[in-house]
Structure formats: C-alpha cells, structure tokens
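Chains as they are written, first to last, in this note's numbering: chain A, 7 to 155; chain B, 944 to 1617.
Laid out in structure tokens, this is it:
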C-alpha cells in the first residue's frame, strides 16, 4: 500500500518535471532574460566606489585617517568614479545603438511576415534572387516551389 | 518500508541525473521552459530523498531490526532523543542524510533565485545535481541503508530479524552529539552552493562581482554551521571522552577545520573583490579549495583511511570519493583556466601598508594553516605509501606549527580594521595603533608581573588585549562620530552604527569571539592534573581543592549499569558541594564509558573522572583535572555565532544600495522597452 503510494508519487513528480517541456509554447516566450548586462555591472561598480567614498568620509570624521591621506584617497576614489562613469556612458551609447539596430531588425522582420511571400527571396538569408530559381544563388537554400499560374 | 526507501533513492538518482542534463541544456539554449523543468527536477530530488529519509527514520523508530542498518545502530532500550540521530550514526545513514541536506540547500537556492540570476541558475542546478548524483549513487549502490538481514543456509536464503539491535555507540549518547553531526554536515554540504555559483559564473562568463554578492550569505551560513559543529564536537570530546581536553588534532577534527579555514580566507578575500575588483582568480581558487576540502572532509570522516578517535569502520567508499574528488579538481580547474582572460583585476595594489595587503596577508597565513593541517592529517597515508609504515603526526607537530600561525592571525584580527583601504601613511598608523598598543602593553606588563612568563601564553594574552582595544576603539570612534553628526546618545549611536553596516560590525563581533577563544586556549598552559585510588573517607588534594570520597554506589538504568563515586569538594576550607563522576557499561554493546563530573566557573573547571576500579581493594581511580579558562572557549564560540548571525542581516547601507540598484535596473529595462 505505502509502496504503491510512493510509486504514484514518483510518477506524479516525473509528470510535474516534464510538464513545462510538453506545454504549448506561450506567445511571449523568448530566451532567458539577461539579469546582469555590462552596463548594470559598470553601474554597480560605480555604486561601490560611492560606498567606498562614504566610508572614507566617515573614517576621516572618526579621526582614523590623517588629512593628507584623506585628500589623496578621496581624489583616487573620485578619479575611479569618473572613469567608471565614462565607461558607462560609452556603454550606454553602444546599448542605444544596439537597441536601434534591434528595433530596425524587428521592424523589418515584422514587415516581411506581413508581406505575401516573394518567390524570388530566400527565406534563409533574405537574398533577392534576380530570376525564379530552385536554390538560392547566395546561400544555396532550397526555395519554396512557385505555384503554377 | 525498506522498499519505499529504495524507490525514493532510485527516483532521487533519476531526478538528479535529469537535473544535470536539463540544467546544462537550459543554460546552453537559454531556454526558460527547460530551466523550469530543471527547477522542478530539484524539487523532485528533494521530495524523493525526503521519502528515503522518512522511511529510514520510520524503520528506526519502529525498531525494525530486519533492516541491517537499524539492527547495527539502534536498540529497543535506546531513548527516543537518541533514536532520531541514529539516522546519521552510521555510514549509510549519514551519506543519505548528507544527500538530504544537499537537496534542501539546492531547493532553497532555486526558490530564492527563481526570479533573479536567471543566467546563472541553469548551471547552478546542473552542478548541485551533479553533486547530488554522486551522493545518491553511492548511497544506493555502495552504502545502501535499506539492506535487509537474511540467513544464508544450504536450503537457501531466509529473512532474519534479530530480537534486539546492537544499540547506538555509547559515546554518541550525549546531548551535543545529537546536533554536532547535523551542524558539521550543514557546513560541509552548504559549500556546494557557493561553489556551484562560482562555476556557473565562470561558465556563463558573468565574472563581475555579482556572483560574489549572491554567494556571500551562501558561504557565511555553512561557515557558521561548520564552526558551530566544530565547537560542539569539542564540547562532546570534553564531556564524553574523559581526557579533559576539547581538541586533539584528530584527523576527523582536522577534516572539519580544513574547509573552515579555507572558507574563512574566502570570506575575507571576497571583500577585496567587492571593494576594489581585485583577486578574482584567487577568490575562485579559494571557493574551489573550500568545496574540495568539504568533500575531502566527508571522505576522511567516512572512508576510514586514517584511524581516528571517531573509529569509523573501514569501508569501500574510498575509491568512489577519490574519483569524485579528481573530477571536481579537473572540472573546476579546467573551467577556471579557460576563463582566465575574463578574470583580470580592475585595480592594482596601491601600497603594501593597506587594508588590502592586510587581507592578503591574512589569506596567505590561513592558506599556510590549511597546508600545515592537511600535511599533518594525510602524513600517515603518505608515509604508508612511501615507506610502507604508518607514521602518525601527533599534537606536538600541530601545536608547534599552528600556535605561531594562530598568533599571527590574531594580530591581523586587531591590525586589519586599523588600516585604511588603498594606503595608510605612518601618520594614520600612529593615530590608530597608539592606544591599542599602550593598552596591550599595560596588560602585558601586568601579566608578566603576575608570573606569566611562557612566551606563547604571554604573547597570546598580549595580542588578545591589543585586539580587544582595537575593536572596542572602532565601535567607540564610530559611535562618537555619529553622536557628533546625528546628535544621538551613545547607545543609539552604537546600535545605529552596527545596523548601518551589519557586515563590518558583525565581523568585529566575530573577531571579539575569536579573542575569547584564544583566551580559552591560553588557559591550557596552566592545566593541572592528578589522580588517586580512593575509597570512602580518602582525601585527594588538587591545588587548592580538597576532595573527599564519601562513598561508592552502583545500580542499573534501562540502557546501562553504573558505578558512581560520591565526592565532596572544598576549596580553601569552603564547602563547594558534591560531585558524582560515573562509569557506565552499556548493555547492548557492553562498552564502558566515563561520565565526568564538572564544577565550572569563568576562571577554571574542576573536571573529575572515574577512570577505573581496582578489583582487589574495590577502590576507584579518581582523575582530577583543573582546567583554567575553558568556559571562554564556549563563550567565544557563542559570540562568533552571534556575530555571524548579525553579519547575515541586511545592513541599512546594503538595503539603500539595493533600492538604488533596483530603480536603476527598472529604468534600464524601461529604456530597452522604449
């Protein structure tokens, strides 16, 4: 009896584990999201430098650091923060360009999906063949057959 | 129930293997549905191992002696509170227990990261389940706790159920022994999670400080359990083994100390990566080493390749563990080597006199300690292999090497917080070191005057004074600054200072606990012992204690027979009361065990053992040990535990930073969407 329940439990768990693979694909499903991009990483590092600056200020006020050391260390931290800020800006520009490119690619894909199928255009590489051919002149992919007119 | 347990084990093994594959595929294809399936496989693994654990506990609690494991480690008369720990008293059960703890850790890691670190998680699952596969495989294949007893005769095999079991090893029938093994195991097993995150960060090339931030608590928790487990083991040895000490450099003790030392180095050096973006390769090496030593510790404890007071039977799991350790080393070092280009430091060491170099120095010393302990522990195996004779390395070797190492570490505990990040000028050093050094000098002078002339003992107490002054100074200076800035009173300033940065001030409290431990260790130099055969009316003088034997009694308990000496104790003519050391003979195993009598205060322990009985005169051998300052070891351990718990709390700074990060990430996501 208990053995039967245990075996049923195993079967149930196996079904539970397999369920996500068997379920139909949901429309919004893409790849796993990237939680840490190079830009967020740079921002994190900048935040750490600010945290270090706060600590330095506190330790100076607590009398742990001599005024000369404090000045020199503060300048070092600020220079590091400026460097990271610059790197962030550059990365932001790259990201903006990436976003623009991605958006254009997505728009073109959407446009192509809406348009009726062009028999001369290769579905694989997008090359527009000048003549009705069976195989793409650019990549060799087999082109869909044209319906007889 | 044996069959149910076996079904649980086989199913757990299947889920673990599936989890390895599904995790790797989910990581490679970045597939959310595959990740979901892998996450569920972790849940399946946990449920199935829980079924196996529940089955074994059921067999133990119902005295089912048809089960070979229950017959070997339990008995009818065993009290309930000692029946539950029978689960981890033997080889097979403890490996099953190890696997169960892994399934719990992995399940919590998956649950807590279900909406974050989604790039890391597939490989984290894969690696955790890889470890799970190994442990469920050996639990099922090599050390199965669900084997049934049978009699083999000419007519065939017939099931066999003995009337009673062998009982639990008497030395394990002690209250701290009930939680000592689970604590150690929680420490060993838990190191799998930071290791998995580190490997996943390498595989996905996400090598910023994110994995360090994610795994900080995942390392601190097992480190805390491991430390608590080590101390509970010491307490058990002190109360049960009857030799009056708590640490003997036994291989199994060393096995637990090794990952603790490596984990301590890791917890310190990650701060340099977080603060300065340095030591990225070093941190990887340390977490690999910590995990490797955790498995190595389990291997030493369980394989019986080195003889130990723990007296575990020799078993055939040794080769399996050797292969697994080789796989861990080969896999992790290969992945590390392939990603070396991504692990370049963001900054350089600015000065040799800085907090960073203090941490680095601390790391080298801790690593030297790891190597020394490792060398001493495996020396018998090496000597056997090289010269074909087993040479055991005893406490003198460890004390000679480890005392200077410990004192250096103690000095750094006090000096580290006084150094500034990046560089510290002579002016700043003078500001910060003067008061602690003066205080330590005064204490040191007093100790010398009071007659403490042994170098290491004096040095240890001198450094303890230095560290206490340096740490209390940190609290005082911080609170004074807050009082000036925020107009708070002293107590709320100390509270707010601590809560603002729980990690730093919790760490300082841990250091205070370490100081108290060293005070306790230093007390060992003044240990005194004596012994005498005593009958009713006999007297024994031990320093200023006078012990008189009032009588001897004997009797029988459900589980054992006993012989007790009734002793009255006076100190400088003042009556302190009665002490009753006992000798027990456990019925199931016919093993004898001393049950010590202890009179304790903060200055010293009076430790009395009934060591034996003279059959001719009927007198008993009373062994008396005066152990100074032992209580400080246990108090120090408690302070370390409390400091670690405090450091685990999210600090105000951390919460603020998290909020800023969250806002920034949301802004960034919104930016992407637009």
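Ideal Cβ placement from N, Cα and C applies to all residues, glycine included.
Given the structure is predicted, the values throughout are model-derived calculations rather than measurements.
| query | result |
| --- | --- |
| Residue 1270/B - DSSP class collapsed to helix/strand/coil | helix |
| Enclosing beta strand (DSSP E) for residue 1484/B [first to last residue] | 1482 to 1485 |
| Exposed unless 16 or more other CB atoms sit within 10 angstroms - verdict on residue 962/B | buried |
| Assigned secondary structure, residue 1071/B (DSSP; H/G/I helix, E/B strand, else coil) | helix |
| Residue 1039/B versus residue 1473/B - alpha carbon distance | 44 Å |
| Neighbouring residues, chain B, relative to residue 74/A (Cβ below 8 Å) | 1368, 1370 |
| Anticipated Cβ contact below 8 Å, residue 12/A with residue 950/B, distance rounded | 5 Å |
| Chain A contact for residue 1152/B (CB, 8 Å cutoff) | yes |
| Beta-carbon neighbours of residue 144/A, restricted to chain B and to distances below 9 Å | None at all; the shortest Cβ gap to chain B is about 28 Å. |
| Members of the segment 979 to 994 of chain B that neighbour chain A once the beta carbon cut-off is set at 8 Å | 979, 980, 983, 984, 986, 987, 990, 991, 994 |
| Beta carbon of residue 959/B nearer than 8 Å to that of residue 1079/B | yes |
| Segment contact, 8 Å Cβ cut-off, at least three pairs: the segment 1470 to 1488 of chain B with the segment 1559 to 1573 of chain B | yes |
| Sub-8 Å separation of residue 1319/B and residue 1340/B beta-carbons | yes |
| Endpoints, beta strand (DSSP E) assigned at residue 1683/B | No information on residue 1683/B is available, as it lies outside the stretch 944 to 1617 that chain B covers here. |
| At least three beta-carbon pairs within less than 8 Å, the segment 64 to 82 of chain A to the segment 1361 to 1377 of chain B | yes |
| Any C-beta of chain B under 8 Å from that of residue 107/A | no |
| Chain-ordered residues of the segment 1425 to 1437 of chain B with a beta carbon less than 8 Å from chain A | 1427, 1428 |
| Assigned secondary structure, residue 1467/B (DSSP; H/G/I helix, E/B strand, else coil) | helix |
| Residue 1387/B: first and last residue of the uninterrupted alpha helix (DSSP H) it sits in | 1369 to 1392 |
| Unbroken alpha helix (DSSP H) run spanning residue 1529/B, endpoints | Where residue 1529/B is concerned, there is no enclosing alpha helix (DSSP H), although the beta strand (DSSP E) it sits in stretches over 1525 to 1529. |
| Residue 1449/B beta carbon less than 8 Å from that of residue 1358/B | no |
| Between the CA atoms of residue 1268/B and residue 1235/B - distance to the nearest angstrom | 7 Å |
| Interface flag, residue 954/B vs chain A, CB-CB below 8 Å | yes |
| Sheet register partners of residue 1537/B (DSSP bridge) | 1526/B |
| Beta carbon of residue 1561/B nearer than 8 Å to that of residue 1480/B | no |
| Residue 1211/B: first and last residue of the uninterrupted alpha helix (DSSP H) it sits in | 1194 to 1219 |
| 8 Å Cβ cutoff, residue 1364/B in contact with chain A | yes |
| Cut-off 6 Å between Cβ atoms - residues of its own chain near residue 155/A, not counting five sequence neighbours on either side | With a pLDDT of 40 at residue 155/A, under the threshold of 50, the predicted position of this residue should be treated as unreliable, though the coordinate-derived value follows. Around residue 155/A: no qualifying Cβ. |
| Contact set for residue 1515/B: own chain, Cβ-Cβ below 8 Å, skip 5 residues either direction | 1487 |
| Beta-carbon neighbours of residue 1375/B, restricted to chain A and to distances below 7 Å | 70 |
| Beta carbon of residue 1436/B nearer than 8 Å to that of residue 1405/B | no |
| Spatial distance of residue 1595/B from residue 1215/B (CA atoms) | 21 Å |
| Distance CB(residue 1015/B)-CB(residue 1108/B) smaller than 8 Å | yes |
| 7 Å Cβ cut-off: residues of chain B touching residue 12/A | 947, 950, 951, 994 |
| Classification of residue 1617/B by the beta-carbon crowding that lies within 10 angstroms, buried from 16 upward | In this predicted model, residue 1617/B has a pLDDT of only 47, less than 50, meaning its place in the structure is not dependable enough to derive any value. |
| Range of the contiguous beta strand (DSSP E) that encloses residue 1507/B | 1503 to 1514 |
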